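Here this note's numbering is used: the first residue of the sequence shown is 150, the next is one more, and so on. All residues carry an ideal CB built from backbone N, CA and C; glycine is no exception. None of the values given here were measured: they were computed from a predicted structure.
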Amino acid sequence: MNPGTAQMCLPKTTYPRIVIVGGGFAGLALVKGLRNKAVQVVLIDRNNFHQFQPLLYQVATSGLEPDSIVFPFRKQFSGYKNVVFRMASVEKIEPSTNTVFTDKGAMQYDFLVLATGTTTNFFGLEKVEENSLGLKNIRNSLNIRHMMLQNLEQAAITCNEEERDALTNFVIVGGGPAGVEMAGALAEFCRYILPKDYPEYPHSVMRIYLIEASDKLLSSMSAKASSKSLEYLRKMKVEVLLNEAVTGYDGTLVTTKSGRKIIANNLVWTAGVKGQFPEGIDNEQIVTGNRIRVNEYLNIEKYSNIFVMGDLAAVITKESPKGHPQVAQVAIQQGKYLAKTLLRILDNKPIEPFRYKDKGSLATVGKRRAIADLGRFRFAGFFAWILWSVVHIMSISGFKNKLVVGINWLISYFTYEKSNRLIIRNFKMKNRRK
Ligand SMILES: Cc1cc2nc3c(=O)[nH]c(=O)nc-3n(C[C@H](O)[C@H](O)[C@H](O)COP(=O)(O)OP(=O)(O)OC[C@H]3O[C@@H](n4cnc5c(N)ncnc54)[C@H](O)[C@@H]3O)c2cc1C
Numbered sequence: 150m151n152p153g154t155a156q157m158c159l160p161k162t163t164y165p166r167i168v169i170v171g172g173g174f175a176g177l178a179l180v181k182g183l184r185n186k187a188v189q190v191v192l193i194d195r196n197n198f199h200q201f202q203p204l205l206y207q208v209a210t211s212g213l214e215p216d217s218i219v220f221p222f223r224k225q226f227s228g229y230k231n232v233v234f235r236m237a238s239v240e241k242i243e244p245s246t247n248t249v250f251t252d253k254g255a256m257q258y259d260f261l262v263l264a265t266g267t268t269t270n271f272f273g274l275e276k277v278e279e280n281s282l283g284l285k286n287i288r289n290s291l292n293i294r295h296m297m298l299q300n301l302e303q304a305a306i307t308c309n310e311e312e313r314d315a316l317t318n319f320v321i322v323g324g325g326p327a328g329v330e331m332a333g334a335l336a337e338f339c340r341y342i343l344p345k346d347y348p349e350y351p352h353s354v355m356r357i358y359l360i361e362a363s364d365k366l367l368s369s370m371s372a373k374a375s376s377k378s379l380e381y382l383r384k385m386k387v388e389v390l391l392n393e394a395v396t397g398y399d400g401t402l403v404t405t406k407s408g409r410k411i412i413a414n415n416l417v418w419t420a421g422v423k424g425q426f427p428e429g430i431d432n433e434q435i436v437t438g439n440r441i442r443v444n445e446y447l448n449i450e451k452y453s454n455i456f457v458m459g460d461l462a463a464v465i466t467k468e469s470p471k472g473h474p475q476v477a478q479v480a481i482q483q484g485k486y487l488a489k490t491l492l493r494i495l496d497n498k499p500i501e502p503f504r505y506k507d508k509g510s511l512a513t514v515g516k517r518r519a520i521a522d523l524g525r526f527r528f529a530g531f532f533a534w535i536l537w538s539v540v541h542i543m544s545i546s547g548f549k550n551k552l553v554v555g556i557n558w559l560i561s562y563f564t565y566e567k568s569n570r571l572i573i574r575n576f577k578m579k580n581r582r583k
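So, in structure tokens, the structure goes:
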């Protein structure tokens, strides 16, 4: 029998079964909200851990070790008596039979919640996709870290200047929070780590380019945030190219719309995401960005027992004609909301629509500098950076992780030191796992 159609083993229950696909910010908030309630919760994720995506760039640039920003589901759910975790990749859903098919087996649901998030969108640029790295999960971060460290070692070996430039130059595509934060962290690596670890390099080695197609950075934040981030990055010697788009990349040469050519063996793509979800959803429910359209109760109207939340959900209303922003706060608030809503549906009680409360945005540009948009208050600099640090430490899963990240940042604040820069596997672009 095909493993995808054999029934997966699950504990017997008399409670209704809620199957949640994806344990990101949204899925995790929903599981927490259903803890020890009169439902059986089955969380399916292709990884056995939750990952804290906002700090992926720190792992990529050797600022943090990977296990400080990921947390195992099974450890998280100890004491959650009604929660079952299954590590599997969901491939297909069949609404007519209430069945989920995974690569390890199938299961039935009473309610299904899709929270599978997004994947990197290369907008059809096949060569760019083939030769560059995205920044969407912990494997991507480790790939970037290894690519960079291996290339720096190779640069020390070669006597050919052009080859050395290609090996040390870094291009980041996309001027949103991920690109800006990545560029800031790399600039600090270049300034404080490179001269210590690689004293043989000339001072000018490792140029960092940040390429953004629109006319500003951090376009989802305020005008002040955009101009401050640009000012900070330029001070840190990052070459920011605005109104510029990457059109091709062969692994060494980046070409742009205006005809510019940049030599770089390192290219990280943060310029876009698209929704990812299993087969079985009608095409008519899919909207821009490959997101699934849902109503204000996060329900796909055609299927009364299927819900979608987080980055994947497009709640299109008059107030949010393009859907809510794809940020952690939306995902967490939707997870909490849906826990209450599903319990009310099961109790035959009336339900309220989802309302997003925007608590503001924060982004950091290296150490000691961040930008904060909090309602009417817009500020930048050291205080914003302290706020950014506290908010991130509070949001990471697990007490030990909070402590480790806090101590790491404290040490690095005073010493500019980063994690050990170890090359513990041989990274090859061709063999990478995405
Ligand atoms: C580099 C980066 C930086 C960011 N910085 C910020 C920030 O500073 N502030 C902010 O608010 N937001 C930030 N975000 C956005 C934020 O991380 C997302 O909005 C949030 O993670 C969305 O949560 P989610 O639960 O919808 O999806 P995700 O967190 O992406 O979780 C999806 C889960 O689904 C699982 N999955 C996917 N497909 C399948 C499948 N077929 N079968 C089984 N499991 C599957 C995945 O393994 C994953 O665990 C950042 C994102 C990135 C990539």
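C-alpha of Ser363 to C-alpha of Ala327: approximately 15 Å in a straight line.
Rounded to whole angstroms, Val395 and Thr267 show a C-alpha spacing of 21 Å. With a 10 Å radius around the Cβ and a threshold of 16 neighbouring Cβ atoms, Pro203 comes out buried. Thr246 and Met256 have their alpha carbons spaced roughly 10 Å apart. Ile494 is the residue among Leu159, Arg581, Ile494 whose C-alpha sits nearest the C-alpha of Asn454. Straight-line measurement puts the Cα of Trp537 at about 13 Å from the Cα of Ile545. Leu461 has its CB nearer than 7 Å to a heavy atom of ligand 1.
The C-beta distance from Val277 to Asn231 rounds to 45 Å, too long to meet the 8 Å contact threshold. Here DSSP, grouped into helix, strand and coil, assigns Glu240 to strand. Annotation: the segment 185–255 contains the following complete segments of the beta strand (DSSP E) (minimum length 3 residues), in chain order: 189–194, 198–200, 219–221, 232–236, 239–243, 248–251.
In this structure, Ala512 sits away from Glu388, with a CB-CB distance that is not shorter than 8 Å.
Restricting attention to Glu311, Ala237, Leu416, Ala304, the CA atom closest to the CA of Ser290 is found in Leu416. Annotation: the continuous beta strand (DSSP E) that includes Asp522 extends over 519–523. Between Leu391 and Lys365, the C-beta gap is smaller than 8 Å, which places the two residues in contact. With contacts defined as CB atoms closer than 8 Å, Thr265 and Gln483 fail to qualify as a contacting pair.
Residue pairing by DSSP places Asn270 opposite no residue, since no beta bridge is assigned to it.
Judged by the Cβ position, Ala264 qualifies as a neighbour of ligand 1 at the 7 Å threshold, a heavy atom of the ligand being closer than this. Non-local C-beta neighbours of Tyr347 in its own chain, meaning closer than 7 Å and more than five positions away in sequence, comprise Leu301, Ala305, ordered along the chain. Between Gly212 and Val262, the alpha-carbon positions lie close to 35 Å from each other. Beta-carbon to beta-carbon, Lys423 and Asn439 are separated by about 4 Å, close enough to satisfy the 8 Å threshold. Within its own chain, the residues whose Cβ lies closer than 8 Å to the Cβ of Asn280, once the five positions on either side in sequence are excluded, are Tyr398, Asp399, Gly400, Leu416, Met578, listed in chain order. No Cβ-Cβ contact shorter than 8 Å links Gly333 with Leu284. Ile193 and Phe226 have their C-alpha atoms spaced approximately 13 Å apart. Here the alpha carbons of Leu335 and Ala477 stand approximately 24 Å from one another. Per DSSP, Thr163 lies in no alpha helix (DSSP H) and is assigned neither H nor E. If you compare the alpha carbons of Val514, Ile500, Val443 with that of Phe532, the shortest gap goes to Val514.
For Gly530, the uninterrupted beta strand (DSSP E) segment begins and ends at 526–530.
Within the same chain, and ignoring the five residues on either side of Thr419 in sequence, the residues whose Cβ sits closer than 6 Å to its Cβ are Leu284, Gly323, Ala327, Gly328.
When rounded, the separation of the alpha-carbon atoms in Gln156 and Arg166 is 15 Å.
Counting only residues of its own chain and dropping the five nearest sequence neighbours on each side, Lys186 has a CB closer than 7 Å to the CB of Asn231, Leu492. With contacts defined by Cβ atoms closer than 8 Å, Gly182 and Lys506 do not form a contacting pair. Distances taken from the Cβ of Ser368 to the heavy atoms of ligand 1 include none shorter than 7 Å. A distance of 8 Å or more separates the beta carbons of Arg294 and Val170. Looking at the backbone, the Cα of Ser375 and that of Leu523 are separated by about 15 Å. For the pair Glu310 and Met370, the Cα-to-Cα distance works out to about 40 Å. For Ser510, the enclosing beta strand (DSSP E) begins and ends at 510–513.
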